[in-house]
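Chains as they are written, first to last, in full-length UniProt numbering: chain R, 1 to 511; chain G, 1 to 223.
The beta-carbon is built from N, C-alpha and C at its ideal position, and this holds for glycine as well.
Bear in mind the structure is a predicted one, so any value in this text is a computation, not a measurement.
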């Protein structure tokens, strides 16, 4: 039962016109057609009534005239022959009675005259009634024949005349009228549609313009505006939307300025630090070569200066890398890389080969920036070696069609250790810059930017990097598309407008 | 070991690198600007130029171009990492190699030595078509006209022509010619190949001697 109701409701809901244009159209047409039909119907009705009344009056008058013309010549009380003469004078379809005498022709009114006869006898006046005979409209007229005395008083003679007249001619005229009314209503229909469309366009164009503007604003085009038309509510709404967009644009511009300032400051600081660091790097090298001949304390100081200078250099380098990501100026230099080989090269270059196990089912080809891939792997493995427990394992695997790096598919590099894993409260922040997960982290030689940079590099490739805990430790999973240029719509690298291949990567072989 | 001209505007870096490179056995002369450097180069020959790209006055790129136009003295640039524009422009200006700042003296020294080794002679004379390569005298002639090559261009030509028809990958060439590690910048190879082609090929766009093997690298010939 309720199900049926709900179905009916849903059906009605589906039927209800959705668009403003359709609703306006339907409303306009309904109002116009109903109005036109009502006006036409009313006009046709009253004209019809007037026609019938006129015809009735005319017919009654004719009968009365004929009766009046013959009545003085009749003898009273009349005989049957007198009644026949009267009937002939009135015309066909006539019945004339006088007490028990009757004179009737073949089509004389029959038993249906009862109510008219009663009215005639009661009031001594002409009485008419509209009847339907064989589907045709007829007028039944009943009339007493009155005698006028010498003093002018009128008395009923007892002779009664009943006759039937055809009204179908009038009915035909009414039909014509009704048809004209329907035609007029029908004519109003296309006019109503036209008017409705015009009105809808007038209302809808500003609404559509406003919608387009709102959509452009939502898409980030903060310069989008609509020119208000006229001075109605829609124009006021348009002006309000424009004001909103302007204030939004101003806030965004201010925020963007502040962010740009902050980014430039970080970048400037790093650049400025690099010159004195160049000097430091050069002179600690000279000092280190002389360290063998120094006292123990001096030698230790020199060694400290060397390691700390290297740390400082690495930190400034990473800061600059981060500023490049923030500024969107980090560029990808794509070339054919075997991920398995890249991982082994990375471990070999850092002397980690003995401490890390690499699992790969053979070459895993992809298009990647060799240096950036190296940075990611070095950061993940370095992190595992510092915070996890051995054995540290790196698994390299590819899916999809591999080899040429042309089609889809992705490459997966997992770095897992068997340490305590990442604490639950650290896990969501593990890629944050300078996040101090635990007290131990602050004492480790990592800069605090390594994992953040690894993530940025993965995203620059259109890939992703996630951290998770397994039963036996922490695991970082790097996923890179085989061809970062191939699925540019992937969305990840979108934050870096400058971040696509521009150097001599693949395709450069043509030179 | 070698005479090096260091062109660097910052006095601290200039003196620091001078001290460090001297400690590695080089004789280091310095210049503060590109103009001074070019003048010093004209006054007394040196084996190699270490050139900072960010210089007041005429830029490092321009200095590099002028050195290249004047002769075959090798150039190692000092550049900022990630400033790809610098690297590309510097290599196009004819630099043989680059080191990212802040430069570690050991790394810089290794690059300098690798560049200088490229001038070392080896065996006999190789003749390929109109090209005659004397690997002892380290001279190249094309249809009997001498061709002036920089040490890096010469080393690249020697490496490729050692095994005509064999395909060398960019990484192999980086390791053999530039002595770079596995992260070497393949643009060094591409730029050097272009410069070499401009000097020895009759139609550099349709090269005869140094051919591209698409997707793999380069090979010498086959003619």
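- When DSSP states are grouped into helix, strand and coil, residue 422 of chain R belongs to the coil group.
- At least one CB atom of chain G sits nearer than 9 angstroms to the CB of residue 277 of chain R.
- With its beta carbon at least 9 angstroms from every one in chain G, residue 302 of chain R lies outside the interface.
- Taking the beta carbon of residue 13 of chain G as reference, the chain R residues within 8 angstroms of it are 275, 278, 279, 282, listed in sequence order.
- Within a 10 Å sphere around the beta-carbon of residue 254 of chain R sit fewer than 16 other beta-carbons, which makes this residue exposed.
- When rounded, the separation of the alpha-carbon atoms in residue 394 of chain R and residue 461 of chain R is 20 angstroms.
- R/290 is the residue among R/290, R/193, R/242 whose C-alpha sits nearest the C-alpha of residue 24 of chain G.
- Between residue 320 of chain R and chain G, the shortest Cβ-Cβ separation is below 9 angstroms.
- Per DSSP, the unbroken beta strand (DSSP E) holding residue 50 of chain G starts and ends at 48–52.
- For residue 345 of chain R, the neighbours in chain G by C-beta distance under 9 angstroms run, in chain order, 181, 182, 183.
- Close to chain G, meaning a Cβ-Cβ distance shorter than 9 angstroms, are the following residues of the region 363–391 of chain R: 370, 371, 374.
- For residue 145 of chain G, the enclosing beta strand (DSSP E) covers residues 145–147.
- Of the candidates R/37, R/357, R/213, R/142, R/142 places its Cα closest to the Cα of residue 109 of chain R.
- In the three-state scheme derived from DSSP, where H, G and I count as helix and E and B as strand, residue 216 of chain G is classed as coil.
- Look at residue 168 of chain G here: in three-state DSSP terms it is strand.
- Given a length threshold of 4 residues, each whole run of the alpha helix (DSSP H) inside the UniProt domain "Response regulatory" (3–116) of chain G is given here in chain order: 11–23, 34–43, 60–70, 84–92.
- Short of 7 angstroms from the beta carbon of residue 212 of chain G, and not among the five residues preceding or following it, lie these beta carbons of its own chain, in chain order: 218.
- Cβ atoms of residue 168 of chain G and residue 157 of chain G stay farther apart than 8 angstroms, at about 12 angstroms.
- In the three-state scheme derived from DSSP, where H, G and I count as helix and E and B as strand, residue 201 of chain G is classed as coil.
- Scanning the region 260–317 of chain R from its first residue to its last, no whole beta strand (DSSP E) run of 3-plus residues comes out.
- Against chain R, a Cβ distance below 8 angstroms from residue 95 of chain G picks out nothing, because the smallest value is about 16 angstroms.
- Listed in chain order, the non-local C-beta contacts of residue 37 of chain G below 8 angstroms within the same chain comprise 5, 7, 31, 49, 51, 63, local neighbours out to five positions each way being set aside.
- Counting other Cβ atoms within 10 Å of its Cβ, residue 223 of chain R stays below 16 and is therefore classed as exposed.
- Sequence-distant partners of residue 60 of chain R (beyond 5 residues in either direction) whose C-beta falls short of 7 angstroms from its own C-beta, in its chain, are 126, 128, 141.
- Under the three-pair Cβ rule at 8 angstroms, the region 195–203 of chain G counts as touching the region 139–150 of chain G.
- Rounded to the nearest whole angstrom, the CA to CA distance from residue 144 of chain R to residue 68 of chain R is 10 angstroms.
- The C-alpha of residue 376 of chain R is placed about 15 angstroms away from the C-alpha of residue 333 of chain R.
- Setting aside the 5 residues that flank it on each side, residue 155 of chain G is surrounded in the same chain by 118, 177, each with a C-beta closer than 7 angstroms to its C-beta; the list follows chain order.
- No Cβ-Cβ contact shorter than 9 angstroms links residue 417 of chain R with residue 458 of chain R.
- As computed with DSSP, residue 98 of chain R is found in a beta bridge with R/101, R/159.
- At the C-beta level, residue 75 of chain G and residue 68 of chain G come within 9 angstroms of one another.
- For residue 289 of chain R, at least one C-beta of chain G is nearer than 9 angstroms to its own C-beta.
- The C-beta of residue 434 of chain R has fewer than 16 other C-beta atoms within 10 Å across all chains shown, which makes the residue exposed.
- Around the beta-carbon of residue 18 of chain G, 16 or more other beta-carbon atoms lie within 10 Å, marking it buried.
- Chain order gives the chain R residues near residue 101 of chain G as 274, 278, where near means a beta carbon separation below 7 angstroms.
- For the C-beta of residue 298 of chain R, not a single chain G residue is nearer than 9 angstroms; the gap to the nearest is close to 17 angstroms.
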